[in-house]
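Asks:
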Amino acid sequence: MASKELVWATTALLLLYGAAILFFVIRGARRTTSISDYAVGSIQFSPVVVGLSLAASITSAATFIINPGFIALYGLSGILAFAITMPLAIFVSLTILTKSFRKHGASVKALTMAQWIGKRYNSTGYALLFGFLSLLLITFIVLICVGMTKVLSKALNTEELYVLIGLVVFVFGYMMFGGANSMVYTNTIQAILMFIVAIILLTSGYEHFSQGVHGFMDKLAAVDPLLVQWVNPGSFLFRDYFEIIFCNLVVGVAIVCQPHIITKSLLLKSESDVNRYLITGILVEVVFFAVVITGLYARLRFPDLTIDGEPLKMDGIIPAYVVYEFPVAVGLIVIMGLLSAGLSTLEGLIQSISTTITSDIIEPLSGHRLGGSNDQRNRKLVAINKVVIVLLAIVSLLLSYNQLVNPSLSVGIFAQNGVYAYFSAAFVPVLFGIYLRDAPRIAPVAATLTAVLVHFGIYYGRIGSYMQEAVRNPAVAATFAILLSLAVGLITYFLFRSRQKSGEEPRKAAPKSVASPAASPASSTPAASPNEQAAMQTFITAPFQHQSVRLSDGLEVGYIDQGRGRQTLLFIHGLASNYKAWYKVIGQLRPKYRCIALDLPGYSTSSPVGHPVSIQFFAARINEFVEKMKLENVTLAGHSMGGQASVAAALQQPGNFRQLALVSPAGFETFNRAAKEWIRAIYKPALLKIAPEEQIKSNIKANFHRFPKDAQFLIDERLALRQSTAFDYYCQLIPQCVISMLDEPVFHRLPELQLPTLILYGEQDKLIPNRMINPTLSTQKVGKNGAGKIPNSQLVFIPECGHFAQWECADEVAAAIERFVG
């Protein structure tokens, strides 16, 4: 039993700890106005903080409380599995997948795993399936609740049921309000506490090494010779190297292959932060995973696994060790650290599962009943989410109590069975989603169904020699599930991809045009005559020869290449545009320079992208294009969104470029959180699909001060696009680009640009700034703000010119670029 001093001290500290959490929850709740806020928040971190957050989210009460119990029972065989093999698989997988994920640009804020998969494979049904599969993660909530209950009940000398009820009410209660915005604050505290406690636990058994490592091993062997063997035939989990090494390698890779872990890296500001993020996360995780060694100390403290003649349950070994081993002051720190280990993951699970139930099950099945405006809908979803959390708390309470009273060796087995089944089902769709751009949907769906059937079939059907004991190892079932689902996925992929290719017609370039937010109508101009329009259309559609190049990820990028010269001008179009936007300027500059204009991936003559696009993705593809084409002496010229992507490309690989030319660049105007939410509400696929003809015309004309006759093709193509098979993709692509421009700002990084930079704006630009959001700003102010941040910049304003300056004022833009390049 804990001493009275420890009981009172623990009570006082719990009150202070709870008050601190509530403070941050209330602070975060003030910012939670939508289900999106609840799920993802909107805060960027330094690489060190993101690394700490990663370590805290991977680690849980299982690592600090439950898994050391396995080691206390089974010795070194458990350490080989949980402290060496699985961490190694996680670290290698994390490094490879993180860098691949950023390179392939899947940087969008999907609220849940189900939404990520639904968006990646364009299937609401598949998303709904994963919404239901996500309920398996409730088993992990149960594990954490049981682990923390064991610790607190020992420290407070209180019945486990009362502690469990108090814990569930408090944690689920504050998670009804704080969501991701409160986790930003609480996870930092928890990660620091966990690290301190990990060091305390690891050094708590130093006296056992008084005669060196061999002396320590001799003490363990005296308790049970199997404790010092790398294989423990008497265990349920570590009977041979297949269970210890192979299964844990496979499971370790699958644990990482989830968007909520991989996308941690998307909180980083630049590619240069990735290594620091990985190093921080991995180094801290090495310490966290090593905590299972404490199980050996606990076994030496309780060699017969009893206290005062009462047998210790496996899940109670570490809580008992903490209470009996440490003085009050140190014990308090350790207790807080163990609670932090549980809370760091429990908060994320409550947030993730409740959001999944609300957004991926309830909303798709009955969202049509929510009605109302976007704000009203969000308020209803937040309210529904709170009810879901209450129901989730009740279910978790009942299951946790059952595991406290009737565990199958350990709650760890119960949790592994559910969580490993979920990992198995998610492994192939996430893997294919990252690496196989053209994967037919049936391949990951078949793999998911195979994984679920194989995992539960082997486990509950007791198939195979490993499943014949009273306690079965879920890692074995998961290993076969992952491997068989991968085989089924690959076979289906190659089978249906070959059929798909053999049945395809040659891809036609999808027409794209300029699209902009609603703005005041542009000055009107008399329509061109049929003969004039025909002449203009001939110029627009057939002046330059189209070419294409295949990049490393299989994307076909279309481009035009005109002229010769020692200097190369690489032109990047803007939002919803294509390389035609630069035809007029290229026509004037090609006698002196080599002029290349490309279509960004997903646009016009370039192939569509199988995952959400982003500014960083476009920047990486621009750099790869330069390297693939072996371009030298490159001036990178970008318009609007293409300007922001050009800045990002120059920041990624400054050595690829000689100078920058930015025409009406996006990224110089900044937006507060409310403005961003307003823009997100405007740019929805459904709204683009139903835009009336007059609105489309008005949006396009808003790009010009005086709409020129030769720009009529922009309207014609945009209207024709509505009848095209590419229209659905277009309506998905444009919001992705807009949201990415908001989520990946470049303004704060402009001082890092060392390249000479030309900045051109039309004085009558109606789109920059957005007058509805920033009515006090002017184009001149935006331009000067941006230019003032760039060390070596030239700012030019073109009179009587709008946003689409390179078309409306092609002579002035071409002349300015020629003077700048020389």
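Position 520 of the sequence shown, counting from 1, maps to 503 under the numbering used here, and the rest follow consecutively. The C-beta atom is built at its ideal place from N, Cα and C for all residues, glycine as well. Remember, it's a predicted structure, so these values are computed and weren't measured experimentally.
#1: Count the other C-beta atoms from every protein chain shown that fall within 10 angstroms of the C-beta of Thr708, then say buried if there are 16 or more, exposed otherwise.
#2: With H, G and I counted as helix, E and B as strand and the rest as coil, what does DSSP make of Ile773?
#3: Using the Cα positions of Ala510 and Leu116, report the straight-line distance between them to the nearest angstrom.
#4: Check Pro310 in the structure and name its three-state DSSP category.
#5: Going by beta carbon distance, what residues of the same chain come within less than 6 Å of Cys578, once the five residues before and after it are set aside?
#6: How is the alpha helix (DSSP H) around Cys128 delimited, first residue to last?
#7: Strictly by DSSP, which residues pair up with Glu293?
#8: Start and end of the alpha helix (DSSP H) containing Gly195?
#9: Please classify Ile673 as buried or exposed, where buried requires at least 16 neighbouring CB atoms within 10 angstroms.
#10: Just list the residues that DSSP pairs Glu791 with in beta bridges.
#11: Go through its chain and collect everything with a Cβ distance to Lys202's Cβ below 8 Å, but skip five positions before and after it.
#12: Closer than 8 Å by C-beta to His786: which residues in its own chain qualify, once you throw out the five before and the five after it? Chain order, please.
#13: Rounded to a whole number of angstroms, what is the C-alpha to C-alpha distance between Ser383 and Ala281?
#14: For Ala434, collect the residues of the same chain with a Cβ closer than 8 Å to its Cβ; drop the 5 residues on either side in sequence, then sort them by chain order.
#15: How do the region 659 to 678 and the region 794 to 802 stand: do at least 3 beta-carbon pairs fall below 8 Å, yes or no?
#16: Rounded to a whole number of angstroms, what is the C-alpha to C-alpha distance between Leu736 and Thr762?
#17: Apart from the five residues on each side of it in sequence, which residues of its chain come closer than 8 Å, Cβ to Cβ, to Thr132?
#18: Kindly list the residues whose CB is nearer than 8 Å to the CB of Asn606, restricted to its own chain and excluding five residues on each side of it in sequence; keep chain order.
#19: Identify the residues that DSSP records as bridge partners of Phe780: which are they?
#20: Considering only their Cβ atoms, is the gap separating Ala66 from Val267 smaller than 9 Å?
#21: Quick check: Leu209 and Pro216, are their CB atoms within less than 9 Å of each other?
#22: Label Arg656 either buried or exposed according to how many other C-beta atoms from any shown protein chain fall within 10 Å of its C-beta, with 16 as the threshold for buried.
#23: Within 10 Å of its beta-carbon, does Glu452 have 16 or more other beta-carbons around it, so buried, or fewer, so exposed?
#24: Helix, strand or coil, according to DSSP, for Gly806 in the structure here?
#25: Lys(-13): buried (16+ other C-beta within 10 angstroms of its C-beta) or exposed?
#26: Suppose contacts are defined by Cβ-Cβ distances below 9 Å. Is Ala44 in contact with Leu329 by that definition?
#27: What are the start and end residues of each continuous beta strand (DSSP E) run of 3 or more residues lying completely inside the region 551 to 583, in chain order?
#28: Within the continuous alpha helix (DSSP H) that includes Asp726, where are the two ends?
#29: If I follow the unbroken beta strand (DSSP E) through Gly585, where does it start and stop?
#30: CB-CB under 6 Å to Gly810, same chain, minus the five flanking residues each way: which ones, in chain order?
#31: Nearest to Thr740 by CA position, among Lys659, Ala658 and Val630, is which residue?
#32: What does a CB cutoff of less than 6 Å around Leu619 pick up in its chain, not counting 5 residues either side in sequence?
#33: Quick one: residues in its chain with C-beta nearer than 6 Å to the C-beta of Asn561, no 5 flanking neighbours on either side, listed in chain order?
#34: Quick one: what does DSSP say Ser535 is sitting in, helix, strand or coil?
#35: Under 8 Å: does the beta carbon of Glu615 sit that close to some heavy atom of the ligand COA?
#36: May I ask you to report which of helix, strand or coil DSSP gives Arg445?
Replies: Considering the structure as presented:
#1: exposed
#2: Three-state result, Ile773: coil.
#3: Confidence in Ala510 is poor, its pLDDT being 39 and thus under 50, which makes the residue's placement too unreliable to answer from.
#4: coil
#5: Gln545, Gly546, Leu552, Ile569 and Leu572
#6: Ile121 to Leu139
#7: Ile290
#8: Gly195 to Val206
#9: Counting C-beta atoms within 10 angstroms of its own C-beta, Ile673 has fewer than 16 neighbours from the protein chains shown and is therefore classed as exposed.
#10: For Glu791, which the question treats as bridged, DSSP gives no partner whatsoever.
#11: His191 and Leu283
#12: Ser499, Ser623, Ser647, Ala685, Asn686, Phe687, Gly745, Asp748, Lys749, Leu750 and Ile751
#13: 24 Å
#14: Ala404, Ser407, Ala408, Phe410, Val411, Ala464, Ile465, Leu467 and Ser468
#15: no
#16: Between Leu736 and Thr762, the C-alpha separation is close to 21 Å.
#17: Cβ contact annotation for Thr132 (same chain, cutoff 8 Å, sequence separation greater than five): Glu143, Val146, Leu147, Leu150, Ser383 and Leu387, in chain order.
#18: Cβ neighbours of Asn606 beyond the five flanking positions: Ala632, Gln635, Gln636 and Asn639.
#19: Phe780 is bridged to Tyr744.
#20: Cβ distance not < 9 Å, so Val267 and Ala66 don't count as in contact.
#21: yes
#22: exposed
#23: Exposed.
#24: In the structure as shown, the chain begins at -16 and stops at 805. Residue 806 is therefore absent and cannot be evaluated.
#25: exposed
#26: yes
#27: Within the region 551 to 583, the runs of beta strand (DSSP E) that reach at least 3 residues and sit entirely inside it are, in chain order, 551 to 555 and 577 to 581.
#28: Phe710 to Asp726
#29: Where Gly585 is concerned, there is no enclosing beta strand (DSSP E), given that its DSSP letter is neither H nor E.
#30: In the structure as shown, the chain starts at -16 and stops at 805, and residue 810 therefore has no counterpart that could be examined.
#31: Val630
#32: Leu553, Ser629, Phe640 and Leu643
#33: Answer for Asn561: Lys495, Asp582, Tyr586 and Ser587, listed in chain order.
#34: Residue state, collapsed to three classes: coil.
#35: The ligand content of the structure shown is nil, which means the ligand COA is not present either.
#36: coil
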